[in-house]
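Asks: So in the UniProt record's numbering, spot 430 of the sequence shown is number 430, and the numbers just go up one at a time.
Beta carbons: idealized from backbone N, C-alpha and C, even for Gly.
Here you go, one structure.
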Amino acid sequence: MTATNTTTRLQKLRELMQKHNVTAFVVPSEDAHQSEYVAECDERRAYISGFTGSAGLAVVSMDSAALFTDGRYFLQASQQLDTNWTLMKSGLPEVPTWQEYLVKNLPAGSRIGIDPLVFTATDAKKLETDLAKVGSTLVPTENLVDLVWENRPARPASKLLVLTTKTTGRTHSEKIEQLRKDLEKKGVAGFVVSGLDEVAWLFNLRGSDVHCNPVFFSYAVVTPDYVSLYLQKKSVSQEVRDHLGAEVTIKPYESLFDDLRALAPTLQTNKQKFLLGTRTNLAMAVALGKDNTVEARSPVTDAKAIKNEAELEGMRQCHLRDSAALINYFAWLEEQLTNGVELDEADGAARLEQFRAEQAGFVGLSFDTISSTGPNGAIIHYKPEKPKAARINPDLVYLCDSGGQYIDGTTDVTRTLHFKTPNDFEKRAFTRVLQGHIAIDTAVFPEGTSGYLLDVLARRALWADGLDFRHGTGHGVGAFLNVHEGPHGCGTRIAYNDIPLVPGMTLTNEPGYYEDGKFGIRIENVMLVRKVETLNNFGGRGYYGFEHVTLVPIQLKMIDRSLLTHLEIEWINAYHAECLAKVSPFLVKDSPGFKWLQREAASL
């Protein structure tokens with residue numbers, strides 16, 4: 001990865017900052033819908049900084065530029081930022097949060113420019129309070145990055161796909177009815193659905209406006225009396241109209257804010273409140289009138305996170321086909337490298353996508369494949385691109401993190417392989433990661449337990465060797481939706497402690513270890529939270545555990561058996577037997593993939 005020269009871009013931005021009389025301008029990663037992954041036209045932070053990771057925030061003042069990102073991206077950001085920028089490694093001691101930076105590192109009385117479309121009302125409210133302590137203020141402006149962005153891509157408007165209840169399990173009418181019941185319990189007059197994946201889930205529609213995410217630009221307003229769906233004109237077909245029926249009024253995407261402003265006087269007169277999710281942008285709160293709104297976590301987010309039986313079965317089935325594609329790929333890659341064929345990381349990623357495309361129900365990738373050899377494996381969210389992708393070196397550790405979008409589910413799986421002979425430290429680190437993976441997979445926990453509390457299980461074996469990793473242990477996964485899905489997760493973020501794990505949730509299990517400049521290790525499966533029967537039931541609470549649906553062998557040659565307990569060896573052998581039994585029917589008998597599975601699924 002190489003740095004982008006941002007000198008001219010920053011110069012133009014600062015000229016606009018002077019015209020708007022702002023001391024600094026804040027550029028978050030998110031779009032108006034607070035999406036983690038955004039369309040090209042919304043990659044403002046990437047444009048102004050040159051850093052292309054999915055998480056980060058830029059603060060540009062007249063004499064400095066700071067990029068804040070988390071541990072997943074420290075290495076990538078250090079390579080992509082030019083000398084105009086200071087990398088702020090969020091979470092490390094003595095490194096301020098971006099909010100603290102605005103308060104403590106900028107002069108008192110500063111005017112902080114923000115675009116209210118890409119800033120949440122929740123963040124703005126807290127930040128205003130903190131800034132007031134030093135006499136600084138927030139200044140809403142148009143997006144200044146848009147004004148300096150030459151040849152900014154147009155906003156996409158994809159054709160929408162209508163889903164059936166075979167994969168969704170519930171009609172959109174049933175989901176809307178449940179949402180109305182939730183709104184009635186909360187005593188609110190209505191709700192603005194602003195998350196793109198929330199709209200897609202609620203109406204059983206999918207699109208392709210955002211790379212690798214089957215969503216489309218939209219908003220929705222749901223009240224006891226009406227439902228309005230705001231779509232771009234090019235996305236609306238007769239099939240979509242027929243699917244939605246008379247109960248849903250389709251309106252232009254651009255008209256939402258006018259409608260909210262028109263609604264504000266009625267809410268004020270009737271002393272009613274509209275519910276806004278905590279991820280809703282500030283512009284919506286302003287349009288409705290801040291006194292007319294109440295903020296809480298979106299009820300659609302909560303409902304979407306708990307999959308019904310049709311969605312869970314879809315996840316099981318698509319993972320079988322996806323596992324077959326991975327196995328075919330690893331067999332092919334090993335054969336090529338063994339025969340001396342030179343391939344780079346991008347070649348590998350492209351061939352893996354071809355294997356996935358051969359599977360029934362494949363729609364596309366769920367994220368850009370991380371095909372990484374040796375040192376590149378230590379870049380946690382690495383993306384190989386020609387002509388700079390490295391040659392896959394069979395003498396080095398190879399890490400492949402990939403996933404697919406299928407009509408019946410979404411996958412995300414990581415395997416770490418060595419095509420020759422790993423050294424003792426690589427094997428030891430790999431085995432410590434595997435022990436953490438097994439500890440999470442076999443965990444049994446009482447109702448009310450969060451992923452925050454389980455996270456230590458993934459790190460215990462690594463900590464014993466003084467090792468660790470700087471990313472979460474697990475995230476939710478959508479049902480033919482975004483590969484990263486909240487509100488739950490497993491990790492050190494304290495917010496995860498607010499969300500207990502319950503049956504129907506999906507969760508990845510992905511501990512890792514990364515040696516900068518040498519290699520990366522990660523082992524990742526998707527799991528479903530389920531009820532389990534225990535010998536006792538203390539307190540009558542009920543107990544939960546996990547069902548893994550990813551079924552790709554874990555490379556035996558990377559394991560240091562001397563570190564494993566008897567129970568861990570039993571788990572590995574049982575897992576490999578399950579891989580062989582469930583995935584072999586999806587492979588051509590005696591094919592390279594079939595033979596690879598038979599070999600790699602052997603008992604330890």
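1) Terminal residues of the continuous beta strand (DSSP E) containing T249?
2) For T312 versus G504, is the C-beta distance shorter than 8 Å?
3) Using 8 Å as the threshold, is the C-beta distance between Y230 and P252 below it?
4) Could you tell me which of S603, L202, V192 and R279 sits nearest to D31, measuring between CA atoms?
5) Which first and last residues belong to the beta strand (DSSP E) in which N525 is found?
6) Where in the stretch 375-410 do unbroken runs of the alpha helix (DSSP H), each at least 4 residues long, occur, reported from the N-terminal end onward?
7) Report the residue from W463, I572, S208 and G512 whose alpha carbon sits nearest the alpha carbon of H159.
8) From the DSSP secondary-structure annotation, give me the bridge partner or partners of P446.
9) Name, in chain order, the residues that DSSP records as bridge partners for I114.
10) Return helix, strand or coil for M88, following the three-state DSSP convention.
11) Alpha carbon to alpha carbon, how far is V27 from G340?
12) For W463, count the other beta carbons within 10 Å of its own beta carbon; 16 or more makes it buried, fewer makes it exposed. Which is it?
13) Distance, Cα to Cα, residue 607 vs T338?
14) Are there 16 or more other CB atoms within 10 angstroms of the CB of N536, so buried, or fewer, so exposed?
15) Looking only at its chain, what residues have a beta carbon closer than 6 Å to the beta carbon of Q359, apart from the 5 residues adjacent to it on each side?
16) Straight-line CA distance for N308 to L417?
17) By DSSP, does T414 sit in helix, in strand, or in coil?
18) Could you have a look at G520 and say whether DSSP puts it in helix, strand or coil?
19) Between L117, T129 and S78, which lies nearest to Q34 when the distance is taken from Cα to Cα?
20) For a test of the three-state rule: what should DSSP assign to S323, helix, strand or coil?
21) Is DSSP giving S603 helix, strand or coil here?
22) Going along the chain, which residues of its own chain have a beta-carbon closer than 7 Å to the beta-carbon of F355, five neighbours each way excluded?
23) Could you tell me which of T293, T164 and P384 sits nearest to A310, measuring between CA atoms?
24) Roughly how far, in whole angstroms, is the beta-carbon of G404 from the beta-carbon of S366, given that I think they are within contact range, below 8 Å?
25) Leaving out five residues before and five after F594 in sequence, what residues of the same chain have Cβ atoms less than 7 Å from its Cβ?
26) Per DSSP, which one or two residues make a beta bridge with P500?
27) Do you know offhand how far Y544's Cα is from S450's?
28) Enumerated in chain order, which unbroken segments of the alpha helix (DSSP H) with a length of 4 residues or greater are wholly contained in the stretch 448-498?
29) Using beta-carbon positions only, say whether K273 and V188 come within less than 8 Å of one another.
30) Mind checking which residues open and close the alpha helix (DSSP H) that includes N308?
31) Between the alpha carbons of residue 621 and L282, how many angstroms are there, rounded?
32) Output the boundary residues of the beta strand (DSSP E) element that contains L16.
33) For residue 610, which beta-bridge partners are listed by DSSP?
34) Please confirm if the stretch 288-296 is in contact with the stretch 373-381, defined as three or more CB-CB distances below 8 Å between the two stretches.
35) With 16 as the cutoff for other CB atoms within 10 Å, does D42 come out buried or exposed?
36) Please classify G512 as buried or exposed, where buried requires at least 16 neighbouring CB atoms within 10 angstroms.
Replies: Taking the structure as given:
1) The sequence position of residue 249 within the sequence shown is 249, counting from 1. Note, T249: beta strand (DSSP E), V248 to P252.
2) In the sequence shown, the residue the question calls residue 312 occupies position 312. In the sequence shown, the residue the question calls residue 504 occupies position 504. It should be noted that the sequence gives Leu, not Thr, for residue 312. The answer is yes: Cβ separation under 8 Å.
3) Within the sequence shown, numbered from 1, the residue matching residue 230 stands at position 230. Within the sequence shown, numbered from 1, the residue matching residue 252 stands at position 252. Yes; because the gap between Cβ atoms is below 8 Å, this pair is in contact.
4) Position 31 of the sequence shown, counting from 1, holds the residue named residue 31. Nearest of S603, L202, V192 and R279 to D31, Cα basis: R279.
5) The residue given as residue 525 occupies position 525 in the sequence shown. Unbroken beta strand (DSSP E) run through N525: N525 to V532.
6) none
7) On the sequence shown, residue 159 is found 159 positions in, with the first residue counted as 1. Note that residue 159 is Lys in the sequence shown, not His. Answer by Cα proximity: S208.
8) Reading the sequence shown from its first residue, position 446 is the one you call residue 446. For P446, which the question treats as bridged, DSSP gives the partners Y543.
9) Taking the sequence shown and counting its residues from 1, one reaches residue 114 at position 114. Looking at the DSSP assignment, I114 forms a beta bridge with P140.
10) Here residue 88 refers to the residue found at position 88 when the sequence shown is read from its first residue. If DSSP states are grouped into helix, strand and coil, M88 belongs with the strands.
11) Locating residue 27 in the sequence shown gives position 27, where the first residue counts as 1. Locating residue 340 in the sequence shown gives position 340, where the first residue counts as 1. The alpha-carbon atoms of V27 and G340 are separated by roughly 47 Å.
12) On the sequence shown, residue 463 is found 463 positions in, with the first residue counted as 1. It counts as exposed.
13) What the structure shows of the chain is the stretch from 1 to 604, and residue 607 is not part of that stretch, so it cannot be assessed.
14) Translated into positions along the sequence shown, residue 536 becomes position 536. Exposed, since its Cβ has fewer than 16 Cβ neighbours within 10 Å.
15) Here residue 359 corresponds to residue number 359 of the sequence shown, with the count starting at 1. R321 and A325, listed in sequence order.
16) Reading the sequence shown from its first residue, position 308 is the one you call residue 308. Reading the sequence shown from its first residue, position 417 is the one you call residue 417. Between N308 and L417, the C-alpha separation is close to 35 Å.
17) Along the sequence shown, one-based indexing puts residue 414 at 414. It is a strand residue.
18) On the sequence shown, position 520 is the one that residue 520 refers to. If DSSP states are grouped into helix, strand and coil, G520 belongs with the strands.
19) Counted from its first residue, the sequence shown places residue 34 at position 34. Ranking L117, T129 and S78 by Cα distance to Q34 puts L117 first.
20) For the purposes of this step, residue 323 is taken as the residue at position 323 of the sequence shown. Helix.
21) Residue 603 sits at position 603 when you count from the first residue of the sequence shown. Looking at S603 - three-state DSSP - the assignment turns out to be coil, as it is neither helix nor strand.
22) As a first step, residue 355 is located in the sequence shown; it is residue number 355 there, counting from the start. Closer than 7 Å at Cβ, skipping near neighbours: A325, N328 and Y329.
23) Indexing the sequence shown from 1 puts residue 310 at position 310. The option with the nearest alpha carbon to A310 is T164.
24) On the sequence shown, residue 404 is found 404 positions in, with the first residue counted as 1. On the sequence shown, residue 366 is found 366 positions in, with the first residue counted as 1. Their Cβ separation, rounded to whole angstroms, is 6 Å, which keeps G404 and S366 in contact under 8 Å.
25) Locating residue 594 in the sequence shown gives position 594, counting from the first residue. S584, L587 and V588.
26) Reading the sequence shown from its first residue, position 500 is the one you call residue 500. S450.
27) Counted from its first residue, the sequence shown places residue 544 at position 544. Counted from its first residue, the sequence shown places residue 450 at position 450. Roughly 11 Å separates the two Cα atoms.
28) 451-464
29) Within the sequence shown, the letter at position 273 stands for residue 273. Within the sequence shown, the letter at position 188 stands for residue 188. Yes, the Cβ-Cβ distance between K273 and V188 is below 8 Å.
30) On the sequence shown, residue 308 is found 308 positions in, with the first residue counted as 1. Neither: N308 is in no alpha helix (DSSP H) and is coded neither H nor E.
31) Here the chain comprises residues numbered 1 to 604, so residue 621 is not present and cannot be evaluated.
32) As a working mapping, residue 16 is identified with position 16 in the sequence shown. Run containing L16: none in the beta strand (DSSP E); it sits in the alpha helix (DSSP H), T7 to K19.
33) Lying before the first or after the last residue shown, residue 610 is absent from the chain, which here runs from 1 to 604.
34) no
35) In the sequence shown, residue 42 corresponds to position 42, counting from 1. It is buried - the Cβ of D42 has at least 16 other Cβ atoms within 10 Å.
36) Sequence index remark: in the sequence shown, residue 512 carries index 512 (1-based). Buried, by the Cβ-count rule.
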